[in-house]
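Residue numbers (this note's numbering), protein chains in the order written: chain U, 846 to 1362; chain Y, 214 to 542; chain L, -19 to 268.
Okay, structure first, notes after.
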Amino acid sequence: MRTRLVTVLLALITAILVIPGPAATADEQGGESLHGQILNPDDRDQGVEGIGITVFDGEDEIGAGETDSDGMWEVELPGPGTYRVVVDQESVPSEFVVREGIIVDGETEVEVEADDQRPLIIALERPGGSDDGSASPSEEESEDAGAAAGDDEAVAPAADSGGSFGERFVQLTAAGLLFGLVIAVSAIGLSLIFGTTKMINFAHGDMVTFGAMVALVFSTGAAGLGNSLLAIFAGLGVAVLLGGFLENRLSRPVLVIAQWTAIFGGIALATVLGVMGDAVGWSVPLWLAAAVAVLMGAVLGASMERYVWRPLRHRNVALIQMFIVSIGLALVLRHVILVLFGAGRSRYAGYQIQDPVQFGPVAMPPRDLVVMGVAVVVLVGVACLLQFTRIGKAMRAVSDNRDLAESSGIDVDRVTLYVWGLGGGLSALGGVLYGLNQIVEYEMGFRLLLMMFAAVILGGLGTAYGAMVGGLAVGLVAMLSTLWFPSQLMQAWALALMILMLLIRPQGLLGRRERVG
Amino acid sequence: MDILSILAESTRSALGPIAAIYALAAVGLNFHFGYTGLLNFGQVGFMLVGAYGVGVSVAVFDLPLLVGFGVGLLCALVLALLLGVPTLRLRADYLAITTIAAAEVLRLVYRAGFAEPVTGGVYGLQNLASGFRTLNPFDGGTRYGVGALAYNGNHLWVLVVTWGLVALMVGLTWMLMHSPWGRVIKGIREDEDAVRSLGKNVFAYKMQALVLGGLIGAMAGCMLAVYQASIQPDQFKPQVTFFLWVILLLGGAGRVFGPVLGAMAFWFLMTFTDGLLKGFGSLGWLPFLSGPDYGAIQLAFVGLLLVVLIVFRPQGIIGDRKEMLINVK
Amino acid sequence: MSSDETSAGVDRMAGAEPVPGSAKSDPILVADGVRRSFGGLTAVDVGHLEVQRGTITALIGPNGAGKSTLFNLLTGFDRVDAGRWTFQGGAINGRRGHQVARAGMVRTFQLTKALTRMTVLDNMLLGAPGQFGERMAGAFLRPVWQGQERANTRRAMELLERFKLVDKRDDMAGSLSGGQRKLLEMARSLMTDPAMIMLDEPMAGVNPALVQSLLGHITSLRDEGKTVLFVEHDMDVIMGISDWIVVLAQGRVIAEGRPSDIRSDQQVIDAYLGAQEETAEARGSDDD
């Protein structure tokens, strides 16, 4: 066996060495080229399309290119040498100009070495220099992708009202409360999951994205893709529910067969619906789509617990290994979402432009009021659930001390399943709320994840109420920091707060002190 | 679709400069996780400060390349201390959260509008490699190598230096891990309270390991800046860290040669799947997918690899399964 | 053996009154006002405690009496709310765990902490103090630390010989049995050459056949001049080998004295047996 392997390897190596080089590597080593990306100075995640770039060798034009929808361009070159690059000023959108610096009067010279695929930076700006003190600096800054994507909504009105420090303070406090409530709703699951399983679920952010995306699909029109997803999740949901409720009533083989029938039934239905495509198109109002998203999020969480985490726990996989698995799952989830829904940035239709309602000094669009209302109601609901219902008390008991809860007769596995279901549903809801307030795109959840981490550490890892308090604190600190500091640093301040908490009170605001060496 | 040329291309990338840079960063991560048991999910942050140390020094302040390397390493030292002081006394998961968040915040800060005069904002910095290329003993325009395994002079120079650094750091790892210092470090991975009870300053050792691994990560960042001659902040997204984890787990954590083997295997697989997907695409076998999706599919594949490795082969290519199984924590 | 020990014990504890907080003639450890509470619950509140040099002192008490917490506090593995204590004349309160160990007071753990993925010999060598090669820069200078390493290895082998682990020296510590791990932990702590050794339940989970040999090792530690303070549940063991017994209940020292004093102390019997019944009841109700 081993000798055969070695022979095959040797043969392969020989073959590779014999293949003529340039032919084999044509696409990567295709000689010299110039390339780059021209971005919208107002929103640096957007490219500017249709800008022409021409390359001259002396006076001879040797190539030309135009930016595509992402702002990317590329010009192939005949060989190494010094070239003159000219940006077609006419093609630049009239609201921008090419920034002077490397480029002078739309021209620059570049030296290209052999086999060099050289990037060339061409930057646009608004007319009047880079520090155009025009209108509101904070508006321009907050356009940046980062956490601030879309926060311009929240920040810009404050700046626009141009008002006194006091007015901006009040306005930002309101925005901070809103942001904090969204973080809190999403982070409760993270904290409860940590409490019950001692595991940090790095995939939690992508569960948030999932919720937002699903709601988007069903509110704007679900055709093949939406229907298929719904069918698969229905199958999974039935399987998990069967497991949860009938575990002790049905014999094991019957149960297993029923579960797999449900799953495969879902997949089969999904295939059929996928093939039918647009034939069964439908759409629902956003609130209903959100409800569907919450249900699907709960199914996603519960099936992750049932089919990934529970088997791993029963195999006694160490916690550190579990973290890595959750990071792997996060990558899978995020990029499956990317493939399914694309990398575009979108908003929930019909809620973009609204006239703000004035409450004393605070102006807010009605959708933000609804977001806050829903978040408050949900938080109170979750608190009641934890405080007064049997399953809620069981969740707190398991969170408090898993072994003790187990020995006092609580079915820990089942409680954990419910915690994941609850966490998944809440994170999906958080995604819809976050998407309503800001923007829906495939990395939104990961960005929110960092804020959720800050929130749960601030409030105390493992406690649901800690996540609520921490979420509000993080939201307020992030938003209020923009009073004095650039809005791109919002996340940094939230993180700084978290580190400060680790230094002075590692167990968090509401956590219990544990022994630390 | 030519399967042989895909294989050739995969081999070329398994030995190429990018694989070498990732191997270097993974050697650093091996210090953190493989030997000391520190959950660093922000290794890309160290690469970022290293790369920008070179970038800012060379492109903005016109300093020599060597100074840039020094600045990059210094930044990594500061970053490691900042991360370590609050978290190393706490449970392992706090470090995990803090590192992943810090690396992402660093990226956002470096790409932010207000940092643009120094870091070039989203556009990044360019023209970073001239100092390195003047030292190049090879001719930049000539191709060196046999058949498909050929690199141009500039890339070969980066390749030689980076693999040289990898060899140096692997040697360093071996020496440290076969010394009493390494014994303490491995003891901390097993049970830090036990080591503390024997009179060792566990915090100081963990800090040393964090700093050392971070410096090696920054070194990888410096080489990345030199190789590409330009850097953009968005190259330093968290998935780079996750690539490094896959590399480490693929090769075998806590093994001297684990990161090296892992980097080669990983980049072989990445190029191979990429070639395969493109090949299938050109044959029309992937009807619902377009070009940009291939990258996403690959990243999903990386995630899946991470899960599968942990569940079925936690010891990696060269690890000892028995040794992994003894670990009952 | 027992008469021999009693006479020796009397010598060692000469002049000590069997009352809580009594003064000893040659104390190695003196603690004052050590307090620690978790939440609202006071776990430890020790007014005054002295441990005589060169003796075996047992720390007993019902479950939840604060024995392990007191251990953790004294050895720097937990922080006190208040209190100060001196070891060999120097104050060591507020020191961290490793500093306390370096001062000569080394501890073991109730749940043994053998470093499972390291060999038995590496476990032992980790205990050796003042190794040049344990400094990061020193690690590169193999010729400098090689001599020290050889000497440490020799000493480790002697100790392994004494604890009958020498055949296992190249095995992973994780492959040892529970009792062997206890022995390894004890041997490893001796590598630090401590003046005082604190054993947290050294007999817990040990095969009865090994108990006698463990006891032998503990008494031989004292006979070499080391001070031993240990937590234990098994009364027979405690009465058999201790020179002095300190009884803890609800975080306070309620009695101390020679084994004969403690055996007849009504307060101890009440506290101990009463609490034991309570815990038994609590366990019973848990099972329901």
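All residues carry an ideal CB built from backbone N, CA and C; glycine is no exception.
{"query": "Under the rule that 16 or more other beta-carbon atoms within 10 Å means buried, what is aspartate 989 of chain U, buried or exposed?", "result": "Caution applies to aspartate 989 of chain U, whose pLDDT of 37 falls short of 50 and renders its modelled position unreliable; the value that the coordinates give is listed next. By the 10 Å Cβ count, aspartate 989 of chain U comes out buried."}
{"query": "Once you ignore the five residues that flank aspartate 6 of chain L on each side, which residues in its own chain have a CB closer than 7 Å to its CB?", "result": "Gln32, Arg33"}
{"query": "Among L:Pro239, L:Ile234, L:Ser240, L:Arg238, which has the Cα closest to the Cα of glutamine 247 of chain L?", "result": "L:Ile234"}
{"query": "Given a limit of 7 Å on CB to CB distance, which residues of the stretch 423 to 443 of chain Y reach chain U?", "result": "Ser443"}
{"query": "Return the chain-ordered list of same chain residues with a C-beta closer than 6 Å to the C-beta of alanine 1103 of chain U, the five sequence neighbours on each side being excluded.", "result": "Leu1087"}
{"query": "Just list the beta strand (DSSP E) runs in the stretch 21 to 51 of chain L, keeping only unbroken ones of 3 residues or longer that don't cross its boundaries, in chain order.", "result": "21 to 32, 36 to 40"}
{"query": "By Cβ distance, which residues of its chain are closer than 8 Å to phenylalanine 514 of chain Y, with the 5 residues on each side in sequence left out?", "result": "Thr486"}
{"query": "Could you name the residues of the stretch 279 to 308 of chain Y whose beta carbon sits closer than 9 Å to any beta carbon of chain U, in the order they occur along the chain?", "result": "Leu295, Leu296, Val298, Pro299, Thr300, Arg302, Leu303, Arg304, Ala305, Asp306, Tyr307"}
{"query": "Return helix, strand or coil for glutamine 111 of chain L, following the three-state DSSP convention.", "result": "coil"}
{"query": "In chain order, what are the residue ranges of uninterrupted alpha helix (DSSP H) at least 4 long that sit wholly in the stretch 147 to 223 of chain L?", "result": "158 to 171, 188 to 203, 215 to 221"}
{"query": "Between histidine 1180 of chain U and chain Y, is the shortest Cβ-Cβ distance under 8 Å, so that the two count as touching?", "result": "yes"}
{"query": "Return no unless some Cβ of chain Y is closer than 8 Å to the Cβ of proline 109 of chain L.", "result": "yes"}
{"query": "Am I right that glutamine 256 of chain Y and leucine 522 of chain Y are in contact with their C-beta atoms under 8 Å? What's the rounded C-beta distance?", "result": "Wrong, their Cβ atoms sit about 17 Å apart, outside the cutoff."}
{"query": "With a threshold of 7 Å (Cβ to nearest heavy atom), would leucine 512 of chain Y be considered close to the ligand MG?", "result": "What this structure holds is no ligand at all, so the ligand MG is not there to describe."}
{"query": "With DSSP as the reference, identify every bridge partner of phenylalanine 1204 of chain U, one or two as the case may be.", "result": "U:Val1207"}
{"query": "Comparing C-alpha positions only, which one of L:Ile177, L:Arg16, L:Phe112 sits nearest to aspartate 61 of chain L?", "result": "L:Arg16"}
{"query": "Would you report the Cα separation of valine 900 of chain U and glutamine 339 of chain Y, rounded to the nearest angstrom?", "result": "19 Å"}
{"query": "Taking Cβ positions, are alanine 264 of chain Y and isoleucine 429 of chain Y nearer each other than 8 Å?", "result": "no"}
{"query": "Please list the terminal residues of the continuous alpha helix (DSSP H) segment that includes glutamine 1333 of chain U.", "result": "Run containing glutamine 1333 of chain U: none; DSSP gives neither H nor E here."}
{"query": "Ignore the nearest five residues each way along the sequence and tell me which others in aspartate 933 of chain U's own chain have a CB closer than 8 Å to its CB.", "result": "Ile896, Gly897, Ile898, Thr899, Gly951"}
{"query": "Please determine if the stretch 452 to 472 of chain Y and the stretch 1332 to 1347 of chain U are in contact, where contact requires at least 3 C-beta pairs separated by less than 8 Å.", "result": "no"}
{"query": "For alanine 221 of chain Y, report the span of its beta strand (DSSP E) as first-last.", "result": "Where alanine 221 of chain Y is concerned, there is no enclosing beta strand (DSSP E), although the alpha helix (DSSP H) it sits in stretches over 216 to 228."}
{"query": "Looking at leucine 461 of chain Y: is its Cβ nearer than 8 Å to the Cβ of phenylalanine 246 of chain Y?", "result": "yes"}
{"query": "Name, please, each residue of chain L whose Cβ falls closer than 7 Å to the Cβ of methionine 260 of chain Y.", "result": "Going along chain L, no residue has its Cβ under 7 Å from methionine 260 of chain Y, so there is no contact; the nearest lies around 23 Å."}
{"query": "Could you pull the start and end residues of the beta strand (DSSP E) that tryptophan 376 of chain Y belongs to?", "result": "That residue, tryptophan 376 of chain Y, is in no beta strand (DSSP E); its alpha helix (DSSP H) goes 366 to 390."}
{"query": "So what does valine 888 of chain U bridge to, in DSSP terms?", "result": "Strictly speaking, residue 888 of chain U in this sequence is aspartate, with valine absent from that position. Note: aspartate 888 of chain U sits in a beta bridge opposite U:Asn885."}
{"query": "For a test of the three-state rule: what should DSSP assign to leucine 1100 of chain U, helix, strand or coil?", "result": "helix"}
{"query": "Return the chain-ordered list of same chain residues with a C-beta closer than 6 Å to the C-beta of alanine 1107 of chain U, the five sequence neighbours on each side being excluded.", "result": "Gly1080, Val1083, Ala1084"}
{"query": "Checking contacts by CB at 8 Å: is glycine 158 of chain L closer than that to chain Y?", "result": "no"}
{"query": "State the DSSP-derived secondary structure class of threonine 332 of chain Y, mapped to helix, strand or coil.", "result": "helix"}
{"query": "In chain order, what residues of the same chain have a beta carbon less than 7 Å from the beta carbon of isoleucine 948 of chain U, not counting five sequence neighbours either side?", "result": "Val932, Ile967"}
{"query": "Closer than 7 Å by C-beta to glycine 881 of chain U: which residues in its own chain qualify, once you throw out the five before and the five after it? Chain order, please.", "result": "Trp918, Pro964, Leu965, Ile966, Ile967"}
{"query": "If you draw a straight line from the C-alpha of proline 886 of chain U to the C-alpha of tyrosine 336 of chain Y, how long is it?", "result": "11 Å"}
{"query": "Using CA coordinates, which residue listed in U:Phe1298, U:Val1015, U:Gly1069 is at the minimum distance from threonine 312 of chain Y?", "result": "U:Phe1298"}
{"query": "Quick one: give me the first and last residue of the beta strand (DSSP E) that glutamine 962 of chain U is part of.", "result": "962 to 964"}
{"query": "Among the candidates Y:Val524, Y:Gly475, Y:Phe479, whose CA atom is the shortest distance from the CA of alanine 1163 of chain U?", "result": "Y:Val524"}
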